[in-house]
Structure formats: structure tokens, C-alpha cells
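These notes are about the structure you will find just below.
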Amino acid sequence: MSKTFVVAEMALREIARRRGVLAILLIFPLAFYLSRRDSHAGQSIRFVCLGIGWAMSTAALFAGSAARAVEPRLRLSGYRSSHLYLGRLAALWTVGLLLSAPYYVLIRIDQEHIRYGAIALIMLLTVAVAAPFGLALSAALPRELEGMLVLLIVVGLQMMMDPAGSASRLLPFWFSREIGTYAVDHTDGGYLTRGLIHAVVCLAALLAVVAVASGYRLRQRSHLRFVARR
Amino acid sequence: MRHDTWLDALAGELRRHGVAEQTAGNVLAETAAHLWESGDDPLRAFGPPQAYAATVAESVRPEPPRRAPGGPVLLEVVGITKRYGRRTVLREVSLAVRAGEVAAVVGANGSGKSTFLGICAGLVSPDRGEVRVHGSLGYCPQGGGTSDFLVPDEHFLLVGAGRGMSRADARDTGRAGAAALDWDPRGGTQARHLSGGTRQKLNLVLAGLGDPDVLLLDEPYQGFDQGSYLDFWQQVRRWRDAGKAIVVVTHLLNTRDGVDTVLDLTPRGRA
Amino acid sequence: MELERRSQWLRGVLDLCVLGVLAHRESYGYELIQSLHAAGLDGIQGGTLYPVLLRLQRGGQVVAHWREGGSGPARKYYRITPAGTETLRRSAADWEAFAGGVSAILREVAAR
Chain V
1 MSKTFVVAEM ALREIARRRG VLAILLIFPL AFYLSRRDSH AGQSIRFVCL GIGWAMSTAA
61 LFAGSAARAV EPRLRLSGYR SSHLYLGRLA ALWTVGLLLS APYYVLIRID QEHIRYGAIA
121 LIMLLTVAVA APFGLALSAA LPRELEGMLV LLIVVGLQMM MDPAGSASRL LPFWFSREIG
181 TYAVDHTDGG YLTRGLIHAV VCLAALLAVV AVASGYRLRQ RSHLRFVARR
Chain G
231 MRHDTWLDAL AGELRRHGVA EQTAGNVLAE TAAHLWESGD DPLRAFGPPQ AYAATVAESV
291 RPEPPRRAPG GPVLLEVVGI TKRYGRRTVL REVSLAVRAG EVAAVVGANG SGKSTFLGIC
351 AGLVSPDRGE VRVHGSLGYC PQGGGTSDFL VPDEHFLLVG AGRGMSRADA RDTGRAGAAA
411 LDWDPRGGTQ ARHLSGGTRQ KLNLVLAGLG DPDVLLLDEP YQGFDQGSYL DFWQQVRRWR
471 DAGKAIVVVT HLLNTRDGVD TVLDLTPRGR A
Chain B
502 MELERRSQWL RGVLDLCVLG VLAHRESYGY ELIQSLHAAG LDGIQGGTLY PVLLRLQRGG
562 QVVAHWREGG SGPARKYYRI TPAGTETLRR SAADWEAFAG GVSAILREVA AR
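Residue numbers (my numbering), protein chains in the order written: chain V, 1 to 230; chain G, 231 to 501; chain B, 502 to 613.
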């Protein structure tokens, strides 16, 4: 438990020192929000949530890539791969929640007749899903550049695809539009339920990808055996 | 050059070469007396302190003692074969290193030294063969192994926690290791802002943190100045005397370095 | 005299010369330099001599002890040991043979 905590602490310190990443996390969602502010209320909220998801995934991608240099050594030093990715996730989730808070306040102030509770839920779920999404990309793809390209594609598709179509449910942030509709258009609880299920499924799937990819990359290789010293 | 400046420098250099306190004291007294009586300029009479200290250290070093046979085997490497495509990089390579022994792995560029060490460290899988480590393992790659945005103290805490050390313990041990390589890690410089040589010192200290039984060092002295290079071998000797098994990949092998086994990976029939 | 070659020659024989001087009586570093100078080997620096003395000491050819210097700092005096005397005797004989051959060849050149 304490090992996970140390990993989380150091991951937090790392992110805090990456000014570029913090800038992205703070400014991008705002840019997304402002770009749609004059149109229908739902649009700006959807965009800001998407912005949070994209920025968070990017931060997670960079954090994961940066960690690769040091993870083999940490493995040798006695950490299990679960300590490493869980610690990193904890740090990313913490950062995500802290940085989403001002946006929740912004929406609270700026928008009326919205189910604010649902908005909070969207942001929570977005952060929850975005972190493992970014880490999964960094685990699966060798370089940050490829990860960024995938993120761009995903965000682009998310914005363009018709949410009613079944293909769009494959995208990790589909739930944000579903629950967003519930929050803004005051529809029935079905939207909320569907969105929640989608988020939970995505979260579980992405966590599994991270766990398996990390476990494989940092696996104890079969040719090396440790014998306890008398 | 003033006598005492030169003498102070000589004292420091003698210590760095591992010359015993008492011997160094004698040498300094005799040299000072000579300078007093002759009135010579030290640089003219003895040369630069670094060079003179090296000569003295060599003259004073006892003949390699018949060292007691090493302790239990801590690292067993048997029959390692590694192919990349059709190229066989390592063919049936074996090595055994006992506690208190230093093994050097030498060979031409591209002879697979780093690959071999990576296999021993469990980072690369061989096509055949086995590695057994009796105890815990520390590894220092040629580069990398550090986190860009963390400062040295945080590295010590991170690795130390893995080894089960308390925070204070980890930090103090890390700083002591750094001091042995003539480096003060305090001051909160992020690893990405450290010079190449200093970053490698951090890498080396982290490898030894937590007192592993077996140490695998892949030319860890990249970017070290001459003094630090000597400090490095001093540290290797200290680890050896503490009963560790050490493997050093190097292409700068000096017979003075006190190495027990040499593994030459240069492929036969290609010299 | 060519410096490079001279220092090569010196490297080969300096320890024997030092033993030779010490065979007469014990001496310390600076005094040895003066004795060697008087015998014809001048320009020997402290940086050259003291390592030789350390090696002779390590090899057991000489032993050393400190003595008060009177008007200055204490001095480290070196004394030849029986082992050193033996080495000197053997080497002196070897040198005669060796130098004789070299001289024979070079004397012809000098004469021409």
C-alpha cells in the first residue's frame, strides 16, 4: 500500500513540474468551452467535458511515456507493476479532479436550468476514464507522437460522429454526450443509465488494458530466477 | 605555486587514489620537508599533484595479495544464447561470480556486452540459457534509469521505498553514495537539468541503493571526469569488500582495477 | 644530452644508483639527490626520486625511519637492508656485463 502511495506522490510531483502539461490541462477545456459558448447550452458543456477528457488523456499519455525509462529499475527495486500503474493513476485522477473543479464552478455560474449533479458526474467519469485511456495508449504505443495522433482521431470522431449511431459507442467518451443530454435537455433517466453503464464498461476495459500491458512489459522473465540467500 | 596549495591538492589526490591515511601522511611530511630544504618550486620538482599522486599510489600499492577464495556464488549465468534475426550475438555464454568478486565483461563494440547485461538483469529474454541470482539485484544501464522531472532526493526516496527503506534512510544512504562519487545531490535540480556525467552518478547511486547482493554495471562512468572515474572504481572495491558480486561492462580495463574474472565477448574468428 | 633518452636510461638504473649510495651510509631524500649529483647524475627531481624510494621500501630493499632534523622539519632516513645489498651486488655484476657490451660498440663510433 505504501509503495503505491510513494509512486503516486512522485507522479504528482512530476506532473506539477511539467508546466506545459499543466497549461494544456487548464487552458484547453476553456478554449473548447468558449468556442461553443454562444450556441446551444448543451454544446458548450459537451465541448468542455470533451476538452477535459482530451487534456487529461494527453497528460496521462505523457506521464506514462516518461515513466518508461525508470520503470524497469523500479521493478528491480521491488515494486510490482500494479504498484506502478495504480500509483500513477491515483496521481492522475487527483490532478484531474482538482483541475475539473473550476470548470464545474464555471458551468454552475454561467449556465442555468442544468442538472448540475449530472454535470459533476460527467466530469468525474471523464477524468476516471481519461487517465487509464492515456496510460493505455502509452503502454501500447512506443512513442508519444503516435499516442497523440490516436487521441486527435478519437476526439475528432467524438465531435463529428452522430451519438445515436451504434458505432459511436465504441468511443471512450460517448457517455459524456449521453449524460450531457440528460443534464441539459432534461430527458428521462434512460440516458443517464446508458451513459453510466458505458462509462463503467470503458473504465473497466481500459484498466484491464493498462494492467495487462504493464504486466507484460515489466514481467518477470522466465530465464531469470531469484534464489533466496541463506 | 605556493607550497601549501600544492600540498593540499596532493593530500586530496592521495586520498582519492585510496592511499592509506598513515602512508599519505608520511609522503606529505617527506615532500614538505624536501620542499623546505631544497627551496624548489613544487610543480618543477614534483609535477602536478594529480600525476604525482598517481605515481605515488602505484609505488605504494602492495603487490596484488593472494586474496582468499571468494564466498558463495551469487550470480550464475549458464549457456546464454541470443539471436537477433539471423545474427547470433551471444553464443553459449556462461559466467559465475562469487561474493566479494568483480567480473569485467569486455569485447569490441557490438559484441553484445550490453545485451548480455540486460539479460542478466531480466530486461531482455535470451533464446536459451538461464540466470540465477542469489539475493537481490541492482542494475545500472549506460544511460536512462532516471526520471526527468524528479530531483535526486526524490529518486532516492522512490527507489528506497521499493527496497523497503524508510524515507530518512533512503535519503541519507543516497546522499552518502553521491558523496563517494564526489557529488552533492542537494539543491533540488531536476534530473533533466543535471549534466550527463552527474546524471550517470545518480544512476549509479540508485543501482546500489538498498544494498543489493549482485550489481550489474554497464559502463556506468559515461561522462565522468578522471577523478570521478577513480572514485567509481573505489566504490566498486568497497562494494566488493562488502561481499557483493559485481559485473562491470567496460572497454577501458586497467589491470590495476582489481578484477577477478574477465569475460571476453569478442567473437572468435573475427579479430 | 637528449632528455627523452636520458630519462629512459635513468628509469632503468636509478633504483640501483640509490641503493649504491645507501650502501655507503644511510641518507634522506634531498641528501640523496645531492649525492647523486656529486657522482655525476644531476637534475634528478624529487618527483622522480621519492617514488623510487617508496618502491624500494615496498620491495624490502630499504627500510626507513624518521629522525629529528635539527634546524628544520623531521627527515625520513633510508637504510639498505641485506636484501637490498644482495640485489645491488647482483645487479652491479649484471650492469658490468651489459654496459661493457654497449661501450664496446659505441667506443668505436666515438673513436672514428
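Think of the CB as a built atom: it goes at the ideal place given N, C-alpha and C, for glycine as much as any other residue.
Local Cβ density within 10 Å of residue i, reported as buried at 16 or more and exposed below that
i: G/Glu-384; result: buried
i: G/Glu-251; result: exposed
i: G/Asn-433; result: buried
i: B/Ser-528; result: buried
i: G/Ser-377; result: buried
i: V/Gln-220; result: exposed
i: V/Phe-133; result: buried
i: G/His-364; result: buried
i: V/Gly-87; result: buried
i: V/Met-1; result: exposed
i: B/Val-573; result: In the sequence as displayed, the identity of residue 573 of chain B is Gly instead of Val. Looking at its Cβ environment, which holds fewer than 16 other Cβ atoms inside 10 Å, B/Gly-573 is exposed.
i: V/Ala-11; result: buried
i: V/Leu-218; result: buried
i: V/Trp-93; result: buried
i: V/Ile-153; result: exposed
i: V/Pro-142; result: exposed
i: B/Gly-602; result: exposed
i: G/Glu-288; result: exposed
Residue i: contacting residues in chain B (beta-carbon distance under 7 angstroms)
i: G/Gly-277; result: Gly-548
i: G/His-264; result: Gly-530, Tyr-531 and Gly-547
Contacts of residue i in chain G (Cβ-Cβ under 9 angstroms)
i: B/Leu-504; result: The contacting residues do not exist; B/Leu-504 stays about 14 angstroms from chain G at best.
i: B/Arg-512; result: Per Cβ cutoff of 9 angstroms: no residues; B/Arg-512 is ~12 angstroms from chain G at best.
Own chain residues within Cβ distance below 8 angstroms of residue i, not counting five before or after
i: B/Arg-608; result: none
i: B/Cys-518; result: Leu-537, Ala-540 and Leu-542
i: G/Ser-425; result: Gly-453
i: V/Ile-24; result: Ala-55, Thr-58 and Ala-59
i: G/Leu-388; result: Ser-377 and Leu-380
i: B/Val-564; result: Gln-558, Tyr-579, Arg-580 and Thr-582
i: B/Val-553; result: Leu-515, Asp-516 and Val-519
Residues that residue i contacts on chain G, provided the C-beta gap is smaller than 7 angstroms
i: V/Gln-158; result: None at all; the shortest Cβ gap to chain G is about 30 angstroms.
i: V/Glu-14; result: Ser-377, Phe-379 and Leu-380
i: V/Arg-17; result: Phe-379 and Gln-420
Residues near residue i by beta carbon distance below 6 angstroms, same chain, minus five either side
i: V/Leu-203; result: Ala-128 and Val-129
i: G/Ser-502; result: Nothing in the structure corresponds to residue 502 of chain G, since chain G is present only between 231 and 501.
i: G/Gln-464; result: Gly-248
i: V/Leu-149; result: none
i: G/Val-323; result: Ile-310
i: G/Pro-490; result: Position check: residue 490 of chain G holds Asp in this sequence, whereas Pro was assumed. Excluding sequence neighbours, G/Asp-490 sits near Glu-331 and Val-332.
Within chain V, the residues that residue i reaches when beta carbons sit closer than 9 angstroms
i: G/Ala-351; result: Pro-72, Leu-76 and Leu-224
i: G/Gly-292; result: As written in the sequence, residue 292 of chain G is Pro, which differs from the Gly given in the question. Within 9 angstroms Cβ-Cβ: nothing; G/Pro-292 doesn't reach chain V, min ~32 angstroms.
Under 8 angstroms from the C-beta of residue i: neighbouring residues of chain B
i: G/Val-286; result: Tyr-551, Pro-552 and Leu-555
Residues that residue i contacts on chain V, provided the C-beta gap is smaller than 7 angstroms
i: G/Arg-362; result: Arg-225 and Val-227
Close Cβ partners of residue i (< 7 angstroms) along its chain, the five nearest in sequence each way excluded
i: V/Pro-29; result: Val-48, Gly-51, Ile-52, Ala-55 and Tyr-103
i: V/Tyr-116; result: Arg-108
i: B/Ala-524; result: Ile-581, Thr-586 and Leu-589
i: G/Gly-301; result: Arg-328, Ala-329, Gly-330 and Gly-473
i: V/Phe-192; result: The amino acid at residue 192 of chain V is misidentified as Phe; the sequence shows Leu. Around V/Leu-192: Ala-118, Ile-179 and Tyr-182.
i: V/Arg-46; result: Ser-176, Arg-177 and Gly-180
Closer than 9 angstroms at the beta carbon, the chain B residues around residue i
i: G/Asp-271; result: Near G/Asp-271 there are no residues of chain B at all, since even the closest Cβ is about 11 angstroms away, more than 9 angstroms.
i: G/Ala-259; result: Trp-567, Pro-574, Ala-575 and Lys-577
8 angstroms Cβ cut-off: residues of chain G touching residue i
i: B/Arg-608; result: Per Cβ cutoff of 8 angstroms: no residues; B/Arg-608 is ~36 angstroms from chain G at best.
Next item on the list: Please list the segments of the beta strand (DSSP E) lying wholly inside the region 293-352 of chain G, counting only runs of 3 or more residues, in order along the chain.
Entry: With a minimum length of 3 residues, the continuous beta strand (DSSP E) runs that stay inside the region 293-352 of chain G are 303-314, 317-328 and 331-336.
Next item on the list: Please list the residues of the region 59-89 of chain V that have a C-beta atom closer than 7 angstroms to any C-beta atom in chain G, keeping them in chain order.
Entry: For the region 59-89 of chain V, the beta-carbon criterion of a distance under 7 angstroms to any beta-carbon of chain G is satisfied by Ala-66, Ala-69, Val-70, Pro-72, Arg-73, Leu-74, Leu-76, Ser-77, Gly-78 and Tyr-79.
Checklist line | Runs of beta strand (DSSP E) lying entirely within the region 544-588 of chain B, each at least 3 residues, in chain order | finding: Counting only runs of at least 3 residues, the region 544-588 of chain B fully encloses the following beta strand (DSSP E) elements, listed from N- to C-terminal order: 563-568 and 576-581.
Item checked: Residues, ordered as in the chain, of the region 337-349 of chain G that lie near chain V by beta-carbon distance below 8 angstroms -> Cβ contacts with chain V: Ile-349.
Checklist line | Contact set between the region 384-408 of chain G and chain B, restricted to residues whose Cβ is under 7 angstroms from the partner | finding: So nothing in the stretch comes that close.
Checklist line | beta strand (DSSP E) segments (min. 3 residues) lying fully within the region 421-461 of chain G | finding: For secondary structure counted as the beta strand (DSSP E) over 3 or more consecutive residues, the region 421-461 of chain G holds these complete runs in sequence order: 444-448.
Next item on the list: May I ask you to list, following chain order, the residues of the region 210-224 of chain V that have a beta carbon less than 8 angstroms from some beta carbon of chain G?
Entry: Under the 8 angstroms Cβ criterion, the region 210-224 of chain V contributes Gln-220, Arg-221, Ser-222, His-223 and Leu-224.
Next item on the list: Anything in the region 370-382 of chain G with a Cβ closer than 7 angstroms to a Cβ of chain V? List those residues in chain order, please.
Entry: Result list: Gly-374, Gly-375, Thr-376, Ser-377, Asp-378, Phe-379 and Leu-380.
Notebook entry, point to check: Whole alpha helix (DSSP H) runs in the region 89-164 of chain V with 4 or more residues, listed along the chain?
Noted result: Segments of the alpha helix (DSSP H) lying fully in the region 89-164 of chain V: 116-140 and 144-160.
Notebook entry, point to check: Can you list, in chain order, the residues of the region 573-606 of chain B whose Cβ is nearer than 9 angstroms to any Cβ on chain G?
Noted result: Contact residues of the region 573-606 of chain B toward chain G are Gly-573, Pro-574, Ala-575, Arg-576 and Lys-577 (C-beta to C-beta distance below 9 angstroms).
Notebook entry, point to check: Which parts of the region 361-409 of chain G are runs of the alpha helix (DSSP H), unbroken and 4 residues or longer, counting only runs that do not cross its ends?
Noted result: If we require 4 residues or more, the alpha helix (DSSP H) runs fully inside the region 361-409 of chain G come out as 382-392.
Next item on the list: List in chain order: all unbroken alpha helix (DSSP H) runs of 4+ residues lying wholly within the region 167-208 of chain V.
Entry: For the alpha helix (DSSP H) assignment, the uninterrupted runs of no fewer than 4 residues enclosed by the region 167-208 of chain V are, from N- to C-terminal side, 174-185.
Checklist line | Within 8 angstroms of chain V by C-beta, residues of the region 242-254 of chain G in sequence order | finding: Using a CB distance below 8 angstroms, no part of the region 242-254 of chain G faces chain V.
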